[in-house]
Structure formats: C-alpha cells, structure tokens
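A.B. asks:
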Amino acid sequence: MQQQDLAAAPRVLALHDLSGFGRCSLAVILPVLSCMGAQVVQVPTAVLSSHTGGLGDPVLRDLSDMLLPTLQHYRQLGLDFAAVYSGFFSSAGQVSACRAYCQAFPQALKVIDPVMGDDQKAYRTCTGQLMAQMRPLIAEADVITPNETEAAILLGEDHTRRRVFDAAGARRWLVGLAGLGCKSVVITGCHMPDGRYNLVYSGGAYSRVRAEYLPVGYPGTGDIFTSALTGRLLGGDALPQAASFAAQFVERAIALTQKAGTDRRWGVQLEKALPWLFAPELQQRVSPL
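Under this note's numbering, read the sequence shown as residues 2 to 290, first letter to last.
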C-alpha cells in the first residue's frame with residue numbers, strides 16, 4: 002500500500018474496554034472498522050480476561066487514569082480524527098473523560114453507544130452518577146445507538162418491560178432521545194406489530210429498518226452493529242442505509258455462528274463473516290416510519 006493510501010484512511014478514536022476472550026468491544030471493533038478502511042486508534046477504558054456474560058469471574062484492570070493523559074498526548078502529536086466512537090463505561094469518570102475527547106475534536110463524527118443494559122435489565126454499572134454524566138455526553142453526539150432497554154433508561158421510562166411500538170410511539174421515543182441534544186438516533190431491536198425493526202431519526206425524518214428475528218443472542222453484536230454503521234457513515238452513507246447495512250452484517254455473522262454450533266458465550270464467528278464486508282449482498286430494508 003502506498004504511503005498516501007495509509008494517510009488517507011480515516012482515523013476512528015475508539016473508547017471501549019478490551020476483553021481478551023469472548024469477541025466483544027475492541028476485539029470486534031478493530032477488525033470490522035479496519036476491513037471497512039478505517040484506522041482504529043484504540044483507547045482502552047479497561048482490560049478484562051473475558052467479557053462478563055457468563056464466563057466466570059474475569060480478571061479486570063481499570064484504565065481510567067490513562068484516559069485524559071492519552072488525550073493530552075494525542076493533542077501534543079497534533080492528531081485529528083474522523084470519528085470518536087464510545088461504548089461501555091464502568092464509571093462516571095470515564096464518561097466525563099469521553100466528553101473531553103468529543104470536545105477536543107469538534108469536527109469528528111461522534112458516535113455514542115450508551116451501553117447501560119439489555120433485555121429489560123440495567124447493568125450494575127448504570128448508577129445515578131453515571132447517568133448524570135451520560136446525558137451531557139449524549140448532547141455531544143452526532144449519532145446514538147441505544148437498544149430498547151437503554152432508550153427507556155435514558156427517557157425515564159420503565160425499562161423492565163418489552164413494548165410493541167406503533168408508529169406514533171416509535172416517533173415519540175425518537176424525538177425524546179433527540180431532545181437530549183444528539184443530532185440523530187438509532188434504537189435497535191424494537192418490536193412493532195409487523196416485525197422487529199431498528200428505528201431511525203435523522204435530519205428531521207423518521208424511518209425503520211427491518212431486522213430479522215433471531216432466537217439466540219450473542220455478546221458483542223451491538224459493538225459489531227455500531228462499528229459497521231460507523232464505517233458506512235464515514236463512507237458517505239445516510240444513516241438509514243448505514244443502519245440497514247450494519248443489521249444485515251450482524252445477521253450474517255449470527256447465521257454463520259448458529260451453523261457452526263459454538264457456545265454462545267464465545268460470541269459470533271466474526272472471522273468467517275468479515276469477507277462479507279468486501280462484497281455485501283444487501284437487501285432493501287428501509288421504509289418510512
């Protein structure tokens with residue numbers, strides 16, 4: 002590869018944890034975005050021996066004390082970034098540090114995945130202190146990608162029950178989240194009377210992206226979704242089309258993993274799915290909401 006090609010790769014500053022085993026967070030973000038032509042600059046918020054979803058008691062090393070000094074170093078180097086992309090935070094201080102990154106690179110695309118819960122359960126890290134910092138961070142975002150549980154938490158709704166949204170209810174939630182200060186919203190994994198959808202608000206327009214129902218969940222699929230979405234946004238896609246691409250990539254990875262029959266705790270077989278990124282077979286999934 003020519004030197005100018007390397008220089009042309011958009012840089013994505015990724016603030017996430019790094020889990021050694023289980024295919025989630027930075028372990029999947031790096032290969033997905035790299036295959037999509039981006040240079041991933043990793044800022045680990047913590048290092049774990051594995052993810053926390055059923056693999057015993059992982060070893061964890063918190064790296065909060067590195068976040069702001071790393072930012073200072075990058076500013077001294079004169080680096081710039083096409084995107085700042087964040088995910089799971091274990092403390093309010095980490096959320097505050099991420100906000101400093103967003104403010105340090107005002108021209109970057111800010112993609113915030115507010116990882117706080119799933120399947121109608123809040124994570125134990127989702128404290129009042131963390132929420133107090135999460136709302137100002139979301140106000141910095143160009144795009145947020147909560148699942149239904151996280152959207153409910155952010156809106157002060159009951160996050161312990163699953164809903165079936167009609168169009169009016171879906172729009173109300175999208176507008177409510179945009180009212181927190183972000184420019185665009187994708188709510189993943191929402192049920193409507195005619196199926197399962199990712200709900201999208203962008204540029205004043207509402208849309209929905211059909212998502213195939215899959216009977217099993219895997220760790221890391223939210224990270225894969227938002228990584229693929231970010232890569233397509235950097236490539237020039239509109240948000241609904243980027244969300245459609247990301248959903249279909251995740252479904253491809255899950256289908257390959259189900260076929261292999263591996264333990265769901267190990268995550269999806271991303272290695273076998275990555276070639277799809279180079280020659281995707283896309284369906285039209287976007288419709289007005």
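A virtual CB, placed ideally from N, CA and C, is assigned to each residue, including glycine.
Within 8 angstroms, do at least three Cβ pairs link the stretch 245–255 to the stretch 220–237?
C.D. replies: Yes: at least three Cβ pairs fall under 8 angstroms.
A.B. asks: For Ala10 and Gly236, I'd like the C-alpha separation in whole angstroms.
C.D. replies: The residue you call residue 10 lines up with position 9 of the sequence shown. The residue you call residue 236 lines up with position 235 of the sequence shown. Roughly 11 angstroms separates the two Cα atoms.
A.B. asks: Taking the alpha carbon of Ala142 as the reference point, which residue from Gln108, Phe166, Asp119, Ile113 has its own alpha carbon closest?
C.D. replies: Here residue 142 is taken as the residue at index 141 of the sequence shown, counted from 1. Closest by alpha carbon: Ile113.
A.B. asks: Quick check: what's the CA-CA separation for Gly157 versus Glu149?
C.D. replies: Within the sequence shown, residue 157 is the residue found at index 156, counting from 1. Within the sequence shown, residue 149 is the residue found at index 148, counting from 1. The straight-line gap from Cα to Cα measures roughly 12 angstroms.
A.B. asks: Kindly give me the distance between the Cβ atoms of Ala243 and Ile188, rounded to whole angstroms, as I take these residues to be in contact under 8 angstroms.
C.D. replies: In the sequence shown, counting from the first residue as 1, residue 243 sits at position 242. In the sequence shown, counting from the first residue as 1, residue 188 sits at position 187. Between Ile188 and Ala243 the Cβ distance is about 15 angstroms, and since that is not below 8 angstroms, they are no contact.
A.B. asks: Here's a check: name, in chain order, each residue in its chain whose Cβ is nearer than 8 angstroms to the Cβ of Leu283, leaving out the five neighbours to either side.
C.D. replies: For the purposes of this step, residue 283 is taken as the residue at position 282 of the sequence shown. Hits under 8 angstroms: Ser245, Phe246, Gln249.
A.B. asks: Rounded to a whole number of angstroms, what is the C-alpha to C-alpha distance between Met135 and Leu49?
C.D. replies: Looking up residue 135 in the sequence shown gives position 134. Looking up residue 49 in the sequence shown gives position 48. Answer to the nearest angstrom: the Cα atoms are 23 angstroms apart.
A.B. asks: Secondary structure at Pro289, three-state DSSP: helix, strand or coil?
C.D. replies: Looking up residue 289 in the sequence shown gives position 288. Three-state DSSP puts Pro289 in a strand.
A.B. asks: What are the start and end residues of the alpha helix (DSSP H) that includes Arg76?
C.D. replies: Within the sequence shown, numbered from 1, the residue matching residue 76 stands at position 75. Segment 65–78, the alpha helix (DSSP H) holding Arg76.
A.B. asks: Consult DSSP for Cys191 and reduce its assignment to one of helix, strand or coil.
C.D. replies: Start at 1 with the first residue of the sequence shown, and residue 191 comes out as number 190. Here Cys191 sits in strand by DSSP.
A.B. asks: Using only CA atoms, which one of Val41, Thr71, Asp66, Cys25 lies nearest to Val52?
C.D. replies: Start at 1 with the first residue of the sequence shown, and residue 52 comes out as number 51. For the record, residue 52 in the displayed sequence is His; it is not Val. Here the closest residue by C-alpha is Cys25.
A.B. asks: With a cut-off of 8 angstroms on the beta carbons, I'd call Leu34 and Ala47 a contact; round off their distance for me.
C.D. replies: Start at 1 with the first residue of the sequence shown, and residue 34 comes out as number 33. Start at 1 with the first residue of the sequence shown, and residue 47 comes out as number 46. With a Cβ gap of about 20 angstroms, Leu34 and Ala47 do not count as contacting.
A.B. asks: Would you call Pro115 buried or exposed, if buried means 16 or more other Cβ atoms sit within 10 Å of its Cβ?
C.D. replies: Taking the first residue of the sequence shown as 1, we reach residue 115 at position 114. Result: buried.
A.B. asks: How many Å lie between Gly21 and Trp267 at the Cα?
C.D. replies: On the sequence shown, position 20 is the one that residue 21 refers to. On the sequence shown, position 266 is the one that residue 267 refers to. Answer to the nearest angstrom: the Cα atoms are 11 angstroms apart.
A.B. asks: Using DSSP's beta-bridge definition, name the partner residues of Gly236.
C.D. replies: Residue mapping note: residue 236 aligns to position 235 of the sequence shown, counting from 1. Answer by DSSP bridge pairing: none, since Gly236 is not bridged.
A.B. asks: Using CA coordinates, which residue listed in Leu240, Val201, Val186, Arg211 is at the minimum distance from Pro194?
C.D. replies: Residue mapping note: residue 194 aligns to position 193 of the sequence shown, counting from 1. Taking only the C-alpha atoms, the option nearest Pro194 is Arg211.
A.B. asks: Please list, in chain order, all residues of the same chain as Val287 whose beta carbon is under 7 angstroms from its beta carbon, the five residues on each side excluded.
C.D. replies: Translated into the one-based positions of the sequence shown, residue 287 becomes position 286. Hits under 7 angstroms: Ser208, Val210, Pro241, Gln242, Ser245.
A.B. asks: Confirm, please, whether the CB-CB distance from Val44 to Leu16 is below 7 angstroms.
C.D. replies: Residue numbering aside, residue 16 sits at position 15 when the sequence shown is read from its first letter. Residue numbering aside, residue 44 sits at position 43 when the sequence shown is read from its first letter. For Leu16 and Val44, yes; Cβs fall inside 7 angstroms.
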